[in-house]
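One structure is given here, and the rest of the page talks about it.
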Amino acid sequence: MKWLDKLKTMKKDKLILLILAGILLVVIKLPAKNTVKTKSYEYNIQNSAADKTTTDYGTSMEKQLEELLSSVMGVGNVKVAVTLKDSGKNMQNVKEGENYTQKTENNDYPEILGVLIVAKGAGDMKVVSEITDAVSALLGISANKIRVLKMEA
11 MKWLDKLKTM KKDKLILLIL AGILLVVIKL PAKNTVKTKS YEYNIQNSAA
61 DKTTTDYGTS MEKQLEELLS SVMGVGNVKV AVTLKDSGKN MQNVKEGENY
111 TQKTENNDYP EILGVLIVAK GAGDMKVVSE ITDAVSALLG ISANKIRVLK
161 MEA
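Listed below in structure tokens is the structure:
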């Protein structure tokens, strides 16, 4: 019982620090609840819409996102809207020698301006964060172009 004697002789601040460290270790070891799990899917949204018009591309992307996100635990029913900018051609002024010439480059895919997701599970901030991170990573757009709203019951 040497350790009990040491506890009795410890200063109050060291004892409180020891108790807090013990509580911290217990909290760290607790399993996380409501983890988001997905089924194994392979999606390649940009390549699936090659050679389609901007409208077809957007519709295809929306359907694939709805299917993928609705399979995530906690998300529930989902509706997705994607806003695209048909950039078509990209013009560049290129200096060749002493002269400038314009080079035209066709863009294969329109630029994504924003994504709106309405989901039943969007009342949980963890689910909203997971949806935002997933869409950002999948489409290669920043999180500020993604909005997730809670679906009406």
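For the sequence shown, our numbering begins at 11 and goes up steadily by one. Just so you know, even glycine gets a beta-carbon here, dropped at the ideal spot from N, CA and C. In this text, all values refer to a predicted model and were calculated from it rather than measured experimentally.
Starting from residue i and walking both ways along the beta strand (DSSP E), at which residues does that stretch end?
i, result
"V128", "121 to 129"
"K160", "156 to 160"
Take residue i as the anchor and find which of the options has the nearest alpha-carbon.
i, options, result
"V92", "S139, D15, Q74, V137", "Q74"
"L94", "E77, D23, T69, V88", "T69"
"I151", "N87, I29, I122", "I122"
"P120", "T65, S139, G133", "T65"
"R157", "L30, V125, K12, I33", "V125"
"T142", "A153, L149, G133", "A153"
"V88", "A147, K22, G131, L35", "G131"
"L5", "G133, K12, L28, V145", "The chain is shown only over 11 to 163; residue 5 falls outside these bounds and no answer can be derived."
Kindly indicate which three-state DSSP category residue i falls into: helix, strand or coil?
i, result
"I151", "coil"
"V90", "strand"
"G95", "One point to set straight first is that residue 95 is Lys, not Gly, in the sequence displayed. K95 falls in the strand class under three-state DSSP."
"T19", "helix"
Any idea if residue i is buried or exposed, counting beta-carbon neighbours within 10 angstroms, 16 or more meaning buried?
i, result
"M135", "exposed"
"I5", "In the structure as shown, the chain starts at 11 and stops at 163, and residue 5 therefore has no counterpart that could be examined."
"L78", "buried"
Are residue i and residue j closer than 7 Å when you measure CB to CB?
i, j, result
"M161", "A129", "yes"
"E108", "V90", "no"
"V85", "V37", "no"
Please report whether the beta-carbon of residue i lies at a distance below 7 Å from any beta-carbon of chain B.
i, result
"E77", "In summary, chain B is missing from the structure at hand, where a single protein chain is found."
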